[in-house]
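Student: My numbering applies: residue 438 is where the sequence shown begins, and numbers increase by one.
Take a look at this one; I'll ask things after.
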Amino acid sequence: VFFLFQFSNVALESWNHYEENAFVVDMSQMPNRSDVYSVNDSDFAGDLRETVIYIGEQDKPTAETVFLWAAYAKKNLEAYPSLADYEAAKKTEQAVQPSVIALDAAGVDWDRDNSCDLLEECIQSGSSLIFCNLPDVSVLKGNERLLALLGIQAIRAEEMTVEDLHLHDGFLLGGEAVYSEDSKEADVVFTFPWYEVSSKSRIYMNGVPKKKALGSEPIEEEALPAVIWQTAYETASVFVVNGNYMEDVAGVGILTAISAERKPYDLYPVVNAQNLIYVNYPGLADENGEVMIERYSQSLEGFYQNVIWPEVVAVRRESGTAISCMLAPQLDYEDDKNPDGKQFERYMKLLNEQDAETGLSGACFSDTPIEKKIARDHIFMQETLPDYLFTSFYADGLTEEEVENALQEDLLASVRTVVEDCSENKEVIGYLSEYVTRQSAVLDGFENFERYDFRVRCLRTALGYTSMMADLRHIVSAGQDSIEWVEASNTFRQNIQYYGLGEQEFADTTVSECDERIRSFLALDYSETREFNSIQLTINDANRPVWFVLRTNKEAIESIEGGSWKALEKDAYLIEVEQEKAVIKLRSIY
């Protein structure tokens, strides 16, 4: 027995190449910023791609959301500052016939008598309208024709606060949801005008007023305050968003869901990645001793080793999710506590056994300049694992210029993706420089799961992407943003379970694996056509797999040639394409 145990330990030690980063790849074989899809450089005929017209000022947040959605979905996009400018372009035949026209209400002069004429003409010609927001209630009150166009039957209140928001099943991926006013959900609005829509409209999200506002009489669903809805006409549809949702990253998911609703089926590319990231872990310097002893009756080193590490292993085994750890050699570079090289080697072995990725964190407690921090970390790495190459870096709120300067340092020369914390930045994935991508966390693992539910649903719908971050600095710091581990750990576990990390709905990835998928997604160009029950899909590069979401209307996948598929939920499928051409055969469901 002794021999067997010793043999297994020796074998495990010899096979554990912790001194090498398994996520290092040949970057010459990877797409970079120059390879990002562009309409002008498309490998396929431009008339096969849908054209979207945006009407509104291009420097506004709503425009940024629409442009980002069009880029992610590989759609042609043309923009005009106002409806009058679009009208002028149409008269000179400079504007193409769009499938969709997205409007910022501020881009339309509602005092012009012919504004509704122009919009009605667009619908009659087959172009669906998306009202990314609505004009002021005072404008709507005096315009019966516009109200009819929007499908608004009555204005019950110029402003009211609802108790709940009801997201209906089948719009965003993830199904039905109800958000309460006291849930502190970050991306939904509970105060807005009460518009009662017509019975022929389809509501995707509506408010539920407080009982006092409803009174004793029962009320039909279309009479409830509408937030997102569709009014269908013979030739096209009008979609309306009541609120500022298009000013936030959630708007990308709303536009994607609308795109699926206006067609018999919708096939669009996604990243297919979900990440779990521990930031500032492991920590290698025994710092903040007084706080740690007072709070947890042990040193930071002991806390990370005896409390956090068992939790990391338990989460990995129970959920099956991939993990990435952004290493913090030190958190305070102004004290005399230096990182422990032996602890570093120990953690690297343990993390490697869990197939985890180890990146470098740019965070610290002190006001140490990033250049000095990187220089100190470089000295430490040269003394411990001189040949180890980092492929990921956590930016910790650094400016873009500071990050770019840091990446010029020798220690970070091999970094190919930068992780950013939760922010209002719409571009959750993209390029930081020619060869380095950026990927933002979508939710904070230590905050209540209800806070980010709507955002997560939107980004899963649009990109098949989720990224949850747990910053251990908040657990071991003495600042106002510090939190207790027991409470944080319980919330963290709830978030993992609630958002299904490790459940294989979308693929679980480390941040460097996610980087590869981001590059492929952004470089992807494709064409798709349908004949009878078969969708023919052609991609521009078959050197690596790419993923699509297919949303149907009472149809199911029968078979796929050139790829594979799995069901996400009713009428929604994740498709992996591994060849240049794929054929998706569908069958009707009655």
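All residues carry an ideal CB built from backbone N, CA and C; glycine is no exception.
As the structure is a prediction and not an experimental result, all values here were calculated from the model.
So, at 7 Å on beta carbons, what are the nonlocal neighbours of Ala-1009 in its own chain, with the 5 sequence-adjacent residues on each side left out?
Tutor: Excluding positions up to five away in sequence, the list reads Leu-610, Val-986, Arg-988.
Student: Looking at the structure shown, is Val-1020 part of a helix, part of a strand, or coil, going by DSSP?
Tutor: Strand at Val-1020.
Student: Could you pull out every residue in the same chain whose Cβ sits closer than 6 Å to the Cβ of Ala-899, ignoring the five residues on either side in sequence?
Tutor: Val-689, Gly-690, Thr-693.
Student: Can you find at least 3 beta carbon pairs, one from the region 578 to 592 and one from the region 696 to 708, that sit closer than 8 Å?
Tutor: Touching, no.
Student: Taking Val-750 as part of the alpha helix (DSSP H), name the residues at either end of that continuous run.
Tutor: Val-750 -> alpha helix (DSSP H) spans 746 to 756.
Student: Taking the straight line between their C-alpha atoms, what separation do you get for Ile-492 and Cys-569?
Tutor: Computed Cα separation, rounded: 10 Å.
Student: Between Val-879, Val-923, Glu-524, Lys-810, which lies nearest to Val-893 when the distance is taken from Cα to Cα?
Tutor: Among Val-879, Val-923, Glu-524, Lys-810, the Cα nearest to that of Val-893 belongs to Val-879.
Student: Using DSSP bridges, identify the partner residues of Met-642.
Tutor: In DSSP, Met-642 forms a bridge with Leu-604, Ile-665.
Student: State yes or no: is the C-beta of Ala-793 within less than 9 Å of the C-beta of Ile-745?
Tutor: Not a contact, by the Cβ cut-off of 9 Å.
Student: Using only the alpha-carbon positions, how far apart do Val-645 and Phe-883 sit?
Tutor: In a straight line, the C-alpha of Val-645 is about 29 Å away from that of Phe-883.
Student: For Leu-764, which of helix, strand or coil comes out of DSSP?
Tutor: Leu-764: strand per DSSP, three-state reduction.
Student: Quick test of the definition: if touching needs 3 or more C-beta pairs under 8 Å, does the region 592 to 606 touch the region 619 to 635?
Tutor: Contact holds: three or more Cβ-Cβ distances are below 8 Å.
Student: Taking Leu-987 as part of the beta strand (DSSP E), name the residues at either end of that continuous run.
Tutor: Note, Leu-987: beta strand (DSSP E), 983 to 988.
Student: Mind checking Ser-1001: buried by the 16 CB within 10 Å criterion, or exposed?
Tutor: The residue is exposed, with fewer than 16 neighbouring Cβ atoms inside 10 Å.
Student: Starting from Thr-739, trace the beta strand (DSSP E) in both directions and tell me its first and last residue.
Tutor: The residue you asked about is not Thr; residue 739 is Gly in the sequence shown. Element bounds for Gly-739: not the beta strand (DSSP E) but the alpha helix (DSSP H), 737 to 740.
Student: Would the region 867 to 877 count as touching the region 664 to 680 if we require 3 or more Cβ pairs under 8 Å?
Tutor: No, the region 867 to 877 is not in contact with the region 664 to 680.
Student: Quick check: Asn-458 and Phe-781, are their CB atoms within less than 9 Å of each other?
Tutor: Not a contact, by the Cβ cut-off of 9 Å.
Student: Quick check on the burial criterion: 16 or more other C-beta atoms within 10 angstroms. Buried or exposed for Asn-970?
Tutor: Asn-970 should be labelled exposed.
Student: Which ranges does the beta strand (DSSP E) cover as unbroken runs of at least 3 residues, wholly within the region 668 to 726, from first to last along the chain?
Tutor: With a minimum length of 3 residues, the continuous beta strand (DSSP E) runs that stay inside the region 668 to 726 are 674 to 678, 703 to 707, 710 to 720.
Student: Could you say which of Val-708, Asp-522, Pro-535, Gln-973 lies nearest to Phe-958 if we only look at CA atoms?
Tutor: Taking only the C-alpha atoms, the option nearest Phe-958 is Val-708.
Student: Assign Ala-850 to buried or exposed, taking buried as 16 or more other Cβ atoms, counted over all protein chains shown, within 10 Å of its Cβ.
Tutor: Exposed: under 16 other Cβ atoms inside 10 Å.
Student: Based on the DSSP secondary-structure assignment, which residues constitute the bridge partners of Glu-659?
Tutor: According to DSSP, which records beta bridges pairwise, Glu-659 is partnered with nothing at all.
Student: Looking only at its own chain, which residues have a Cβ that is under 6 Å from the Cβ of Ser-445, when we skip the five neighbours before and after it?
Tutor: Below a pLDDT of 50, predicted positions are generally treated as unreliable, and Ser-445, at 47, falls in that range; the measurement from the model is reported next regardless. Closer than 6 Å at Cβ, skipping near neighbours: no residue.
Student: Alpha carbons only, please: which of Gly-720, Gly-607, Tyr-889 is nearest the one belonging to Ile-991?
Tutor: Position check: residue 991 holds Lys in this sequence, whereas Ile was assumed. Comparing Cα positions, the closest option is Gly-607.
Student: State the DSSP-derived secondary structure class of Lys-578, mapped to helix, strand or coil.
Tutor: If DSSP states are grouped into helix, strand and coil, Lys-578 belongs with the helices.
Student: From the DSSP output, read off the bridge partner residues of Leu-1011.
Tutor: In DSSP, Leu-1011 forms a bridge with Val-986, Lys-1003.
Student: Within 10 Å of its beta-carbon, does Lys-1049 have 16 or more other beta-carbons around it, so buried, or fewer, so exposed?
Tutor: Lying before the first or after the last residue shown, residue 1049 is absent from the chain, which here runs from 438 to 1027.
Student: Shortest alpha-carbon distance to Met-818 belongs to which of Pro-776, Lys-637, Asn-789?
Tutor: It is Pro-776 whose Cα lies nearest to the Cα of Met-818.
Student: Is DSSP giving Phe-444 helix, strand or coil here?
Tutor: Because Phe-444 sits at a pLDDT of 46, beneath the cut-off of 50, its placement in the model cannot be relied upon, and the point is left open.
Student: Let me know the alpha helix (DSSP H) ranges lying completely inside the region 878 to 909, each 4 residues or longer, listed in chain order.
Tutor: Here the runs fully enclosed are 890 to 900.
Student: Tell whether a beta-carbon distance below 9 Å holds between Tyr-682 and Met-763.
Tutor: For Tyr-682 and Met-763, no; Cβs fall outside 9 Å.
Student: Any idea what DSSP makes of Gly-867, helix, strand or coil?
Tutor: In the structure shown, Gly-867 sits in a strand (DSSP, three-state: E or B).
Student: Just to confirm the assignment: which complete alpha helix (DSSP H) runs, minimum length 4, are found wholly within the region 944 to 975?
Tutor: Here the runs fully enclosed are 948 to 960.
Student: Would you be able to state if there are at least three C-beta pairs under 8 Å between the region 706 to 723 and the region 905 to 915?
Tutor: Judged by Cβ distances under 8 Å, the region 905 to 915 makes contact with the region 706 to 723, as three or more pairs qualify.
Student: Rounded to the nearest angstrom, what separates Pro-572 and Ala-500 at their Cα positions?
Tutor: Going by the C-alpha atoms only, they are around 16 Å apart.
Student: May I ask you to list the residues that DSSP assigns as paired with Phe-627?
Tutor: In the DSSP output, where bridge partners are listed per residue, Phe-627 has none listed.
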